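One structure is given here, and the rest of the page talks about it.
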Amino acid sequence: MSLPESMSRIVIVGANSRLDQAIDVLYSMGTVHLIDHTVDADEGFTLGTPRPYAPKASERLLKVRSMEKDLGITKKTPTNVVSVDEIKKKLSADSVEFAEDEVISVLDKKNDLNQRITELNAKKKSLDVLSKLDIDLDMYSGYRSIVSMVGTVAVDPSVALSGIPCEVEYRAGSKKEDGIAAVFCRVEDKDKVQSVLSDCDFSEITVPEDTGSAAAALKKVEHELVSADAEMVKIEGELAALLEKHKDFLKASEEELAIEVDKGELPVRIASSAYSFVADAWVPTKKAESAKIEIESKVEGTYVEIIENRGRTMKEVEAAEDRFKEVPTKFNNGRMVKEFQYPTKLMSVPKYQEIDPSILIAIFLPLFFGMMIGDVGYSIPFIILGAYGLKVTHHKDWRAIATVLFFGGIWAFIFGLFFYGECLGMHFVGEHTADDVTYTWQYLLGLDNLPAFFEGILPGGHGVTKLGADWIGFQLKLSVYIGVCHLLLAYCCAVYNKTLQHGFVHAFKEKGGWVLSFIGMVLICYSLAMILIYGQSFDSVMIIIGIGAVALAIGIILNIPEDGMQAVLELPGIVGGVLSYTRIAAIGMSKAGMALAFNYICIGMIYGGLGEGPIALIVAFALFAFLHLMIWTLGILSAGLHSLRLQFVELMVKFYEGGGVEYEPLKIKRVKTTSDKEKA
Amino acid sequence: MAAAEAAGLIAVGAGLAVGLTGLGAGIAEGNVGAAAVGAITEDASLFGKAMIFMVLPETIVIFGLVISILAIFVM
Numbered sequence: 001m002s003l004p005e006s007m008s009r010i011v012i013v014g015a016n017s018r019l020d021q022a023i024d025v026l027y028s029m030g031t032v033h034l035i036d037h038t039v040d041a042d043e044g045f046t047l048g049t050p051r052p053y054a055p056k057a058s059e060r061l062l063k064v065r066s067m068e069k070d071l072g073i074t075k076k077t078p079t080n081v082v083s084v085d086e087i088k089k090k091l092s093a094d095s096v097e098f099a100e101d102e103v104i105s106v107l108d109k110k111n112d113l114n115q116r117i118t119e120l121n122a123k124k125k126s127l128d129v130l131s132k133l134d135i136d137l138d139m140y141s142g143y144r145s146i147v148s149m150v151g152t153v154a155v156d157p158s159v160a161l162s163g164i165p166c167e168v169e170y171r172a173g174s175k176k177e178d179g180i181a182a183v184f185c186r187v188e189d190k191d192k193v194q195s196v197l198s199d200c201d202f203s204e205i206t207v208p209e210d211t212g213s214a215a216a217a218l219k220k221v222e223h224e225l226v227s228a229d230a231e232m233v234k235i236e237g238e239l240a241a242l243l244e245k246h247k248d249f250l251k252a253s254e255e256e257l258a259i260e261v262d263k264g265e266l267p268v269r270i271a272s273s274a275y276s277f278v279a280d281a282w283v284p285t286k287k288a289e290s291a292k293i294e295i296e297s298k299v300e301g302t303y304v305e306i307i308e309n310r311g312r313t314m315k316e317v318e319a320a321e322d323r324f325k326e327v328p329t330k331f332n333n334g335r336m337v338k339e340f341q342y343p344t345k346l347m348s349v350p351k352y353q354e355i356d357p358s359i360l361i362a363i364f365l366p367l368f369f370g371m372m373i374g375d376v377g378y379s380i381p382f383i384i385l386g387a388y389g390l391k392v393t394h395h396k397d398w399r400a401i402a403t404v405l406f407f408g409g410i411w412a413f414i415f416g417l418f419f420y421g422e423c424l425g426m427h428f429v430g431e432h433t434a435d436d437v438t439y440t441w442q443y444l445l446g447l448d449n450l451p452a453f454f455e456g457i458l459p460g461g462h463g464v465t466k467l468g469a470d471w472i473g474f475q476l477k478l479s480v481y482i483g484v485c486h487l488l489l490a491y492c493c494a495v496y497n498k499t500l501q502h503g504f505v506h507a508f509k510e511k512g513g514w515v516l517s518f519i520g521m522v523l524i525c526y527s528l529a530m531i532l533i534y535g536q537s538f539d540s541v542m543i544i545i546g547i548g549a550v551a552l553a554i555g556i557i558l559n560i561p562e563d564g565m566q567a568v569l570e571l572p573g574i575v576g577g578v579l580s581y582t583r584i585a586a587i588g589m590s591k592a593g594m595a596l597a598f599n600y601i602c603i604g605m606i607y608g609g610l611g612e613g614p615i616a617l618i619v620a621f622a623l624f625a626f627l628h629l630m631i632w633t634l635g636i637l638s639a640g641l642h643s644l645r646l647q648f649v650e651l652m653v654k655f656y657e658g659g660g661v662e663y664e665p666l667k668i669k670r671v672k673t674t675s676d677k678e679k680a
Numbered sequence: 681m682a683a684a685e686a687a688g689l690i691a692v693g694a695g696l697a698v699g700l701t702g703l704g705a706g707i708a709e710g711n712v713g714a715a716a717v718g719a720i721t722e723d724a725s726l727f728g729k730a731m732i733f734m735v736l737p738e739t740i741v742i743f744g745l746v747i748s749i750l751a752i753f754v755m
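These protein sequence lines are chains B and R, in that order.
Using my numbering, read the first sequence as starting at 1 and increasing by one per residue.
Using my numbering, read the second sequence as starting at 681 and increasing by one per residue.
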């Protein structure tokens, strides 16, 4: 069984003067999962303080990140790798500050210019409107007893203003644009004029301070705008040059500074006294001894003690101090199963004391997927796409999908070739009569040696027909039997988990009842099906019913103390759970139904019905390809989701608790910087 | 005639089995899905659990589909 890797707890004790060295060694080992120290956990110890270089490093990190944002450097910007020695030299020579000065001076210029352009644009907009009136700009202001109001209006205000002594200048606008009006009136009439104007949807324009005609001023502003734009292009060029100049340095220093900050703040997580530090950590048991030797030999005056090799029982958890209760989970899977950790993590990280279900998912998820697809024609693109995805992508979501497609595709190929004998919804082997709606490859391609090739391989001579009346019962029964085995496995895992945690007696009391109830229900339902569907006599299945009833009764009795009424109420759920596996057959059938219809449309109706010329052939082939592509795409969704659901809902719910903490050892990941020392 | 009628009724029954279960599952999934998306927006780590709740009602459609397949091909 696949349990998380077993862990040991170590304590590292050393002198504060060697702390930096110790931190470097812990990071370079990459196996130490640090346990956070809690205040007052040990007498005489407090939380440590960050290393002296940490505040400066975080300040610089902030500057670097803000510069990256200003210059538009993103994760995807391609940059060159810089050596650690070089970047350290640059950092100590205050290169960050120099770069910042350069960037800020250009950015300030850009911001000032941006503001100027905004102002000019606003001025241009008002002048645009004002230039329709033949009034010089200096005529609008500078009076003692007269005020001017100028702005856009929806209707001509002259008539409405005829009762008030004032001068109105109006130019009608176009259909889309409002007209413009300038009104000069006495100061005391201002309110009256304003109220009249507001009825005409007046919206005032601020007249720019200038002399001469608005048109001349507009030309001047336009000229200024052109030169401002040119200046902007120049500044953008300067910024682009800065980006080129600094991008390597910025990306590399961001990485280096982030590492420095991580290292510098590590003491906050460990206990420290005036002269010494104490760090608790988890390491994989098989590496505990070597870790002890490595730390003690590399950091002078440091002592490492292996405190415990933690077992899986809950007693050990209860006996431990609070901060040592939870053991990190280090997945213990091979290369192939590792790819299936993603669905497990999607649910939750397994606890240290339980089976990691990744291996079960790795077996059953592709198997169910393959059974639901079960077609050579669809499986080949799945395998190719999956293999390509696994080779190219490193994104975990895409990798997970590619994994299912690849392994599921292989299963689909196996089932398609040896079980269903199908390619693109058509059997390889079989004759075709005139009123048949189904076709076979033997008939289509005229390959008369196909039956000989598949002889003895395929069930029934031509393979299982997904929508054949004779085969439907068989497929449904097969799905149900698979479900029974799958669920029984889940219950066994539940018993195993509880045995690990509390011993067998406890496990039997807690989960054994459910195993028995499950077996009882399955046997009773099997017998009932035999009687009701297949018409067998009660006597012939009496023994099975008897065993089932006894198992069920014992199961319920065992479950009642733990689960109360749930012990009885959950029983129909068992039947539902098993029947839920009929989806394996049902989804295969639904896809076969679509394929059958599409094949008939393309081959029977278009190619056969419209004539057998080259055009009909091309149309039929194009439609054939398109329609099958549709089924194939739907296949990813329905088969993928449903086989995942069977793992999550039916299998894992029975035994999986999750809620563990993932093992995260201290380590350095360098992408943009290289260090010969750390590589060696 | 009677055979044709029986075949027609079977087809209607099969259609009802898939259609009605589909409706039921759709309504249930709509409610669950809305809540699930809300929960995932708050905390993306709930995706696994949300997905389980999300696909729970789908079983009903599968039952409907199985019944209709049985009705058409086996009966």
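All residues carry an ideal CB built from backbone N, CA and C; glycine is no exception.
Please read all numbers here as calculations on a predicted model, not as lab measurements.
Under the Cβ distance rule, R:Leu745 counts among the residues neighbouring chain B, one pair being separated by less than 8 Å. Residue contact with chain B for R:Leu736: present (Cβ-Cβ distance below 8 Å to some residue of chain B). DSSP places B:Pro157 outside any beta strand (DSSP E), giving it a letter other than H or E.
One finds Val735 in chain R with Cβ atoms closer than 8 Å to the Cβ of B:Leu641, taken in chain order. B:Cys166 counts as buried, since no fewer than 16 other beta carbons sit within 10 angstroms of its beta carbon.
The segment 305–320 of chain B and the segment 610–630 of chain B do not touch, with fewer than three beta-carbon pairs separated by less than 8 Å.
Taking CB atoms only, B:Ala54 has no neighbour in chain R less than 8 Å away. Less than 8 Å separates the beta-carbon of B:Ser8 from that of B:Ala288.
DSSP assignment within the segment 163–215 of chain B yields the following whole beta strand (DSSP E) runs of 3 residues or more, N-terminal first: 166–171, 179–186.
In the same chain as B:Ile519, and ignoring 5 residues on each side of it, the C-beta atoms closer than 6 Å to its own belong to Ala551, in chain order. When the beta-carbon positions are compared, B:Pro343 and B:Leu644 come within less than 8 Å of each other. Contact of R:Ile742 with chain B is assigned, a C-beta pair being separated by under 8 Å.
The DSSP-derived three-state label of B:Val32 is coil. Runs of the beta strand (DSSP E) lying entirely within the segment 503–572 of chain B, each at least 3 residues long, are absent.
Linking B:Ala93 to B:Ile87 through their CA atoms gives a straight-line distance of about 10 Å. Inside the segment 691–741 of chain R, DSSP marks whole alpha helix (DSSP H) runs of 4 or more residues at positions 727–735, from first to last along the chain.
Sequence-distant Cβ neighbours of B:Ile383 in its own chain, meaning closer than 7 Å and more than five residues away, are Phe406, Gly409, Ile410, Phe413. The C-beta of R:Val717 comes no closer than 8 Å to any C-beta of chain B.
Nearest CB-CB separation between B:Met589 and chain R: below the 8 Å threshold. Your pair B:Val392 and B:Leu417 does not check out as a contact, with CB atoms roughly 27 Å apart and the cut at 8 Å.
In this model, B:Glu305 and B:Glu657 are separated by some 32 Å (Cα to Cα).
Excluding its 5 nearest sequence neighbours in each direction, B:Leu571 has C-beta neighbours in its own chain below 7 Å: Ser517, Met521, listed in chain order.
B:Gly425 and B:Gly374 have their C-alpha atoms spaced approximately 9 Å apart. In the structure shown, B:Asp108 adopts helical secondary structure according to DSSP, grouped into three states.
The C-beta distance from B:Asp42 to B:Arg323 rounds to 11 Å, too long to meet the 8 Å contact threshold.
At a cut-off of 8 Å between C-beta atoms, R:Gly699 does not count as an interface residue with respect to chain B. B:Cys423 is bridged by DSSP to B:Met426. Residues of the segment 647–659 of chain B that bring their beta carbon within less than 7 Å of a beta carbon in chain R comprise Phe648, Val649, in sequence order. Counting the other CB atoms within 10 Å of its CB gives B:Tyr663 a total of 16 or more, which places it among the buried residues. The beta carbon of B:Leu113 sits closer than 8 Å to those of Ala228, Glu231, Met232, Ile235, all from its chain and outside the five residues before and after it, given in chain order.
DSSP places B:Phe331 in the coil class of the three-state scheme, outside both helix and strand.
For B:Thr152, the enclosing beta strand (DSSP E) starts and ends at 146–153. Note that the C-beta distance between B:Gly421 and B:Leu476 is not below 8 Å. For B:Tyr303, the uninterrupted beta strand (DSSP E) run begins and ends at 303–309, by DSSP.
Here B:Ile556 is near B:Ala567, since their CB atoms are less than 8 Å apart. The criterion of a C-beta distance shorter than 8 Å is not satisfied by B:Ser276 and B:Gly48.
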